[in-house]
Every structure is written in C-alpha cells, then in structure tokens.
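S.K.: Residue numbers are given in our numbering: position 177 of the sequence shown equals residue 185, and the series is strictly consecutive. Even for Gly, the Cβ is constructed at its ideal location relative to N, Cα and C. The structure's right below; bear with me while I get my questions together.
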Amino acid sequence: MSIKETTASVDPVLPVLYEDNHLLAVVKPPGVLSQADDTGEPDMVTLLKQDLKVRYNKPGNVYVGLVHRLDRPVGGAMLFAKTSKAASRLSESVRSRAFDKTYVAVVHGNPPQTTGRLKHFLRKDSSRNIVSVHSKQVNESKEAILDYAVVANRQSHSLVAVRLLTGRPHQIRAQMADVGCPLVFDRKYGAPASDGERDIALWSAAIGVAHPVTKDWLAFHSLPPQTEPWKQWSDEELRRALTILPEHEHA
C-alpha cells in the first residue's frame, strides 16, 4: 500500500494529497459543497477547475470529474478525476465497493459494541434534507451498511472509526444517531445544543482505491484539525483510527 502525504496546496484551505495526470486527491474544508447547486456558493469541482486552469495556464475548459461526495459539513480527503476515462473507472470502483472510505467521528455516548456492523435502510426526505432510518426495506429506501470501531472514550464522548460499505446521504450521521450516538455538534440528528455554529464531528480520514490506469493501490490520509472536539484526542489516537479497522481487501 502506498501512502500519500500532503505535499502541495491548491490554496491555503485546499491541501493537495496527491496529483498526477489522471486524478487529484485534496482535503475538502467543512462547509464547502462537493459540487455546485442552486445556491451558487463555492463548490469543490468549480474551485479545482479554477485552480488547475491557473496553475497549468490552460486556455480552454478544464475537466474535473466528481467521483464521490462528502456532505457539506464534512471535511477531509476527497478524490477527483482529471480525465473522463479516469472518472468512469473510479466511479465503477465506487459502485463495486472497491473504493475504501474511512471516516473518524466523535459521538455522544458509547456505541453498542466496541466493534460492529450497522445495517439499515435509509429514506431521504429531500424537502427537509434529512434521512430516516428503518430496520426493514420501506418505500424509496436504500440499504446502508457501515463498519465501526471505537478508538477511545473520553468522558461522555467516543472517538470512532467508520468504514462505509455503501455511500448514502447522511449515512454515518443517521446510522450512529439511530444507535443512540449522534455526532457531536450534529443538531439535525439529535446532538445536544452547543454555543455557536460548529462543524459536525465527522472527517474523511482515508481513501483507498486502485489507480485507474496503473491499477496500483493508492491510499490518501487526512487527519482532522486541532479544534473542538478533535483536540481532546491525541495524535496517536487519531492516527490509530486510520488502522483500527481491518485493512480493505484489494487485488
């Protein structure tokens, strides 16, 4: 497994984890959209297109393909394609579950087990931008599966590593809340009120995928910033969250 460290920067808030002619891995800041919507607010695809155009002095259009999404309040490692062929192959990796996505979260309380798998069916209410959790298939619901492991406990909070086996909107937020452990600062899914507006305690910590051309396995890591609630955990604990779950099986 090759580990890619942060080496360059698109701008002060978009560190580049890895880049070649086919793909680009960066750190998405919390609060930035993954792709453009009706609000016209900044989004990752547009920001990266602008950056590539400037950095490489490209006169025409720049291609940036969205491979996967992060919820707007979530920050961390995110992967984009730089060619349509790479986008197609990386998207197939996502569909076939050969795309490894590991998150770190701080939740209220203690999950039901130290390690476990959560299986639910999620139904999205687009008008309210919220999903409901169901134990059985219901109309317009989609299966949601994740594995988790508790890294450490601190008072009433737990540091949890999560690996997504499916990629549903608000999946981690909704499923953890359903087992009585809402994410810290995630008011939408039942977290207690806090002073001021805070980013929810969820971070995209690692991505693993086969390179779309060379087929070499690549891994990109990003640790959350030393702000609340992350700063109550040591660097050792945060790094342990990257490795506590069994390694993703890949060719």
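Would you list the one or two residues that DSSP bridges to Thr123?
M.R.: By 1-based counting over the sequence shown, the position of residue 123 is 115. Ala157, per the DSSP bridge assignment.
S.K.: Which residues bound the alpha helix (DSSP H) around Ile138?
M.R.: Mapped onto the sequence shown, residue 138 falls at position 130. Note, Ile138: premise wrong, no alpha helix (DSSP H); beta strand (DSSP E) at Ile138 to His142.
S.K.: What's the call for Tyr64, buried or exposed, on a 16-neighbour Cβ count within 10 Å?
M.R.: Numbered from its first residue, the sequence shown carries residue 64 at position 56. Counting the other Cβ atoms within 10 Å of the Cβ of Tyr64 gives fewer than 16, which makes it exposed.
S.K.: Quick check: Val112 and Ala33, are their CB atoms within less than 8 Å of each other?
M.R.: Taking the first residue of the sequence shown as 1, we reach residue 112 at position 104. Taking the first residue of the sequence shown as 1, we reach residue 33 at position 25. In this structure, Ala33 does not lie closer than 8 Å to Val112 by Cβ.
S.K.: Can you tell me whether Lys36 is buried or exposed? The criterion is at least 16 other CB atoms within 10 Å of its CB, across all chains shown.
M.R.: Translated into positions along the sequence shown, residue 36 becomes position 28. Classification for Lys36: buried.
S.K.: Please report the residue range of the alpha helix (DSSP H) in which Ile252 lies.
M.R.: What you label residue 252 is simply residue 244 of the sequence shown in a count that begins at 1. Taken as a continuous stretch (DSSP letters only), Ile252 belongs to no alpha helix (DSSP H), as it is neither H nor E.
S.K.: Just to confirm the assignment: which complete beta strand (DSSP E) runs, minimum length 3, are found wholly within the segment 163-230?
M.R.: 165-172, 210-218 and 225-229
S.K.: Would you mind reading off the limits of the alpha helix (DSSP H) that contains Val102?
M.R.: Here residue 102 refers to the residue found at position 94 of the sequence shown. From DSSP, the alpha helix (DSSP H) with Val102 extends over Ser92 to Arg103.
S.K.: Which partner residues does Val115 have in the DSSP bridge list?
M.R.: The residue labelled residue 115 in the question sits at position 107 within the sequence shown. Answer is Ser166 and Leu191, bridged to Val115.
S.K.: When the Cα atoms are used, what is the spatial distance from Arg80 to Arg131?
M.R.: Your numbering for residue 80 matches position 72 in the sequence shown. Your numbering for residue 131 matches position 123 in the sequence shown. About 19 Å.
S.K.: Please report the straight-line C-alpha distance between Ser143 and Lys127, rounded to a whole angstrom.
M.R.: To locate residue 143, count along the sequence shown from 1; it is residue 135. To locate residue 127, count along the sequence shown from 1; it is residue 119. The C-alpha of Lys127 is placed about 8 Å away from the C-alpha of Ser143.
S.K.: Thinking C-beta only, is Val221 closer than 8 Å to His76?
M.R.: As a position in the sequence shown, residue 76 is number 68, starting the count at 1. As a position in the sequence shown, residue 221 is number 213, starting the count at 1. Not a contact, by the Cβ cut-off of 8 Å.
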